[in-house]
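The opening residue of the sequence shown carries number 277 in our numbering; numbering runs sequentially from there. For every residue, glycine included, the Cβ atom is placed at its ideal position computed from N, Cα and C. First comes the structure, then the notes that go with it.
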Amino acid sequence: MALLRKINQVLLFLLIVTLCVILYKKVHKGTVPKNDADDESETPEELEEEIPVVICAAAGRMGATMAAINSIYSNTDANILFYVVGLRNTLTRIRKWIEHSKLREINFKIVEFNPMVLKGKIRPDSSRPELLQPLNFVRFYLPLLIHQHEKVIYLDDDVIVQGDIQELYDTTLALGHAAAFSDDCDLPSAQDINRLVGLQNTYMGYLDYRKKAIKDLGISPSTCSFNPGVIVANMTEWKHQRITKQLEKWMQKNVEENLYSSSLGGGVATSPMLIVFHGKYSTINPLWHIRHLGWNPDARYSEHFLQEAKLLHWNGRHKPWDFPSVHNDLWESCDY
């Protein structure tokens, strides 16, 4: 009996060992893939930085917006997130335009701009009524529309990008600067164009120096102006300096005192920015904002100069999708 008991104990021991081995194999087999996955999740390939680009889509100009987006998307491998801004009654149409075109693969968000924020802040007597359209002031409210990004690019819709937008995004903003712009005096090779079409490129063209509020700023009327159709903005500094509130203050003062010059007919959105950002902005590479293409249908840049340009801007009355216009073949190459 003692021998039988001993045999039974040995058999029981072997059975337990066998069960343990089987259980171990099952557990080990099930955990290996999970551990591999965990290892991959802990050491993923570094995610590509997202570049937010804000551009408006106004009713009647959506084709322009899509051409601008197409030009950006076609010339970069960067991870672009397009914020397409419109008024409430156009949002559905904007989405259809994108989703039913070759741009349906882009990464985009549609953002509503509420024009009620402009109530009482715009004078109705501009020589160019189209500049009073609410979306022209979206650039004033970037932090209210874009929340999760530190750095943002804003572009007008009448532009075509020929370079890699990553390069523009990499523009260095000096410490304490909320934005970078292109100076209107920064294109020596375009001086002939400026003389030909009679452009002004100083504060005198945008501010009425007969008004006390403008004189009291202490800004020389010969100070070089800048163009806010292309902006690289630091959202943290913008919010910290309460830029939007400052811009609204000068909009309100203009309503009350008519402070802006109408000689250029373009001071509606530019003028308050010239005041608020005076002496407190960084500069964009001049080739990243070749402008005035829409100022005069008889003034043309050289083909060599246009080939070097990274971004073309048809600011002015003569848009490339209308007649008459200049260099519209470059715009049409990005139209879809």
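Checklist entry - Any idea what DSSP makes of H516, helix, strand or coil? => result To locate residue 516, count along the sequence shown from 1; it is residue 240. H516 falls in the helix class under three-state DSSP.
Checklist entry - Is A489 helix, strand or coil by DSSP? => result Indexing the sequence shown from 1 puts residue 489 at position 213. Of the three classes helix, strand and coil, the one that applies to A489 here is helix, per DSSP.
Checklist entry - Are the Cβ atoms of H603 and L550 separated by less than 8 Å? => result Mapped onto the sequence shown, residue 603 falls at position 327. Mapped onto the sequence shown, residue 550 falls at position 274. Their beta carbons are not under 8 Å apart, which means H603 does not touch L550 by this criterion.
Next on the checklist: So D462 and S501 are supposed to be a Cβ contact under 8 Å. How far apart are they, rounded?
Outcome noted: Translated into the one-based positions of the sequence shown, residue 462 becomes position 186. Translated into the one-based positions of the sequence shown, residue 501 becomes position 225. About 11 Å; that fails the 8 Å criterion.
Item to check | Other residues of its chain near I490: CB distance less than 8 Å, five sequence neighbours each side excluded | outcome: For the purposes of this step, residue 490 is identified with residue 214 of the sequence shown, where counting begins at 1. Only L483, D484 and L535 meet the Cβ criterion.
Checklist entry - Can A344 and V435 be called in contact, C-beta distance under 8 Å? => result As a working mapping, residue 344 is identified with position 68 in the sequence shown. As a working mapping, residue 435 is identified with position 159 in the sequence shown. Yes. Within cutoff.
Item to check | Cβ-based burial, E318 [other Cβ within 10 Å; buried from 16] | outcome: Position 42 of the sequence shown, counted from the first residue, corresponds to residue 318. Residue placement at E318 is poorly supported in this model, since its pLDDT is 37, which falls under 50; the coordinates still yield a value, given next. With fewer than 16 other Cβ atoms within 10 Å, it is exposed.
Item to check | DSSP state of A343 mapped onto helix, strand, coil | outcome: By 1-based counting over the sequence shown, the position of residue 343 is 67. A343 falls in the helix class under three-state DSSP.
Checklist entry - Is DSSP giving F599 helix, strand or coil here? => result The residue given as residue 599 occupies position 323 in the sequence shown. Three-state result, F599: coil.
Next on the checklist: Looking only at its chain, what residues have a beta carbon closer than 6 Å to the beta carbon of L357, apart from the 5 residues adjacent to it on each side?
Outcome noted: Here residue 357 refers to the residue found at position 81 when the sequence shown is read from its first residue. Closer than 6 Å at Cβ, skipping near neighbours: E326, P328 and N383.
Checklist entry - In the DSSP assignment, what residue or residues form a beta bridge with F358? => result Counting from 1 along the sequence shown, the entry for residue 358 is found at position 82. BP columns for F358 point to V329 and F384.
Item to check | Pairwise C-alpha distance: C610 and A313 | outcome: Taking the sequence shown and counting its residues from 1, one reaches residue 313 at position 37. Taking the sequence shown and counting its residues from 1, one reaches residue 610 at position 334. Note that A313 has pLDDT 32, beneath the 50 cutoff, so the model's placement of it is unreliable and the number below is only indicative. So the alpha carbons of these two residues sit roughly 43 Å apart.
Checklist entry - Could you check where the beta strand (DSSP E) with I507 kicks off and where it finishes? => result Position 231 of the sequence shown holds residue 507. Residues F502 to N510.
Item to check | Nearest-angstrom Cα separation, counted from H453 out to T559 | outcome: The residue you call residue 559 lines up with position 283 of the sequence shown. The residue you call residue 453 lines up with position 177 of the sequence shown. Those two C-alpha atoms are separated by around 10 Å.
Next on the checklist: Short of 7 Å in beta carbon distance, which residues of its chain neighbour Q522, apart from the five on each side in sequence? Order them along the chain.
Outcome noted: Indexing the sequence shown from 1 puts residue 522 at position 246. Answer for Q522: V552, listed in chain order.
Item to check | CA-to-CA distance, N561 to N390, given in whole angstroms | outcome: Position 114 of the sequence shown holds residue 390. Position 285 of the sequence shown holds residue 561. Approximately 33 Å between the Cα atoms of the pair.
Item to check | Residues bridged to S458 (per DSSP) | outcome: Walking along the sequence shown from the start, residue 458 turns up at place 182. BP columns for S458 point to N503.
Item to check | T546 versus K529 - alpha carbon distance | outcome: To locate residue 546, count along the sequence shown from 1; it is residue 270. To locate residue 529, count along the sequence shown from 1; it is residue 253. If I take the Cα positions, the gap works out to 15 Å.
Checklist entry - Could you give the residue range of the beta strand (DSSP E) that holds H589? => result For this step, residue 589 is matched to residue 313 along the sequence shown. Element bounds for H589: L587 to H589.
Checklist entry - Taking the alpha helix (DSSP H) that Y445 falls in, what are its first and last residues? => result For this step, residue 445 is matched to residue 169 along the sequence shown. Counting along the chain, the alpha helix (DSSP H) containing Y445 begins and ends at I441 to Y445.
Item to check | N-terminal and C-terminal residue of the alpha helix (DSSP H) that K372 is part of | outcome: Taking the sequence shown and counting its residues from 1, the one referred to as residue 372 is at position 96. Segment L367 to E375, the alpha helix (DSSP H) holding K372.
Checklist entry - Hey, S458 and M480 are a contact pair by Cβ (cut 8 Å); roughly how many whole angstroms apart? => result The count along the sequence shown starts at 1 and reaches residue 458 at position 182. The count along the sequence shown starts at 1 and reaches residue 480 at position 204. About 19 Å; that fails the 8 Å criterion.
Checklist entry - By Cβ distance, which residues of its chain are closer than 8 Å to N503, with the 5 residues on each side in sequence left out? => result Locating residue 503 in the sequence shown gives position 227, counting from the first residue. Counting only Cβ-Cβ distances below 8 Å, and skipping sequence neighbours, we find F457, S458, D460, T546, H565, R567, H589 and N591.
Item to check | Length of the line joining the Cα atoms of N477 and R337 | outcome: Position 201 of the sequence shown, counting from 1, holds the residue named residue 477. Position 61 of the sequence shown, counting from 1, holds the residue named residue 337. Using only the alpha carbons, I get a separation of about 27 Å.
Checklist entry - Would you call the CB atoms of V361 and A340 closer than 8 Å? => result As a working note, residue 361 is residue 85 in the sequence shown. As a working note, residue 340 is residue 64 in the sequence shown. Their beta carbons are not under 8 Å apart, which means V361 does not touch A340 by this criterion.
Item to check | Among K378, L451, L418 and I429, the one whose alpha carbon lies nearest that of I441 | outcome: Position 165 of the sequence shown, counted from the first residue, corresponds to residue 441. It is I429 whose Cα lies nearest to the Cα of I441.
Next on the checklist: Contact defined as beta carbons within less than 8 Å: I believe H580 pairs with I495. What is the distance between those atoms, to the nearest angstrom?
Outcome noted: In the sequence shown, counting from the first residue as 1, residue 580 sits at position 304. In the sequence shown, counting from the first residue as 1, residue 495 sits at position 219. Their Cβ separation, rounded to whole angstroms, is 36 Å, which puts H580 and I495 out of contact at 8 Å.
Checklist entry - When you compare each of T512, H516 and L367 to Q424 by their alpha carbons, which one comes out closest? => result Working through the sequence shown from its first residue, we reach residue 424 at position 148. When only C-alpha atoms are compared, the closest one is T512.
Checklist entry - Helix or strand or just coil, what does DSSP make of I560? => result As a first step, residue 560 must be located in the sequence shown, where it is residue number 284. In the structure shown, I560 sits in coil (DSSP, three-state: anything other than H, G, I, E or B).
Checklist entry - What residue does the alpha helix (DSSP H) around L418 start on, and which one ends it? => result As a first step, residue 418 must be located in the sequence shown, where it is residue number 142. Run containing L418: L418 to L421, per the alpha helix (DSSP H) assignment.
Item to check | Close-in-space but distant-in-sequence residues of the same chain around K385 (CB under 6 Å, 5 per side omitted) | outcome: Mapped onto the sequence shown, residue 385 falls at position 109. Cβ within range, chain order: Y359.
Item to check | Short Cβ contact (8 Å threshold) for N351 with L379 | outcome: Here residue 351 corresponds to residue number 75 of the sequence shown, with the count starting at 1. Here residue 379 corresponds to residue number 103 of the sequence shown, with the count starting at 1. Result no, Cβ atoms of N351 and L379 do not sit closer than 8 Å.
Item to check | Start and end residues, beta strand (DSSP E) containing L431 | outcome: Indexing the sequence shown from 1 puts residue 431 at position 155. That run of the beta strand (DSSP E) goes K427 to L431.
Item to check | Residue nearest to I374 in terms of C-alpha spacing, selected from V387, M342 and E533 | outcome: Translated into the one-based positions of the sequence shown, residue 374 becomes position 98. Per the Cα distances, M342.
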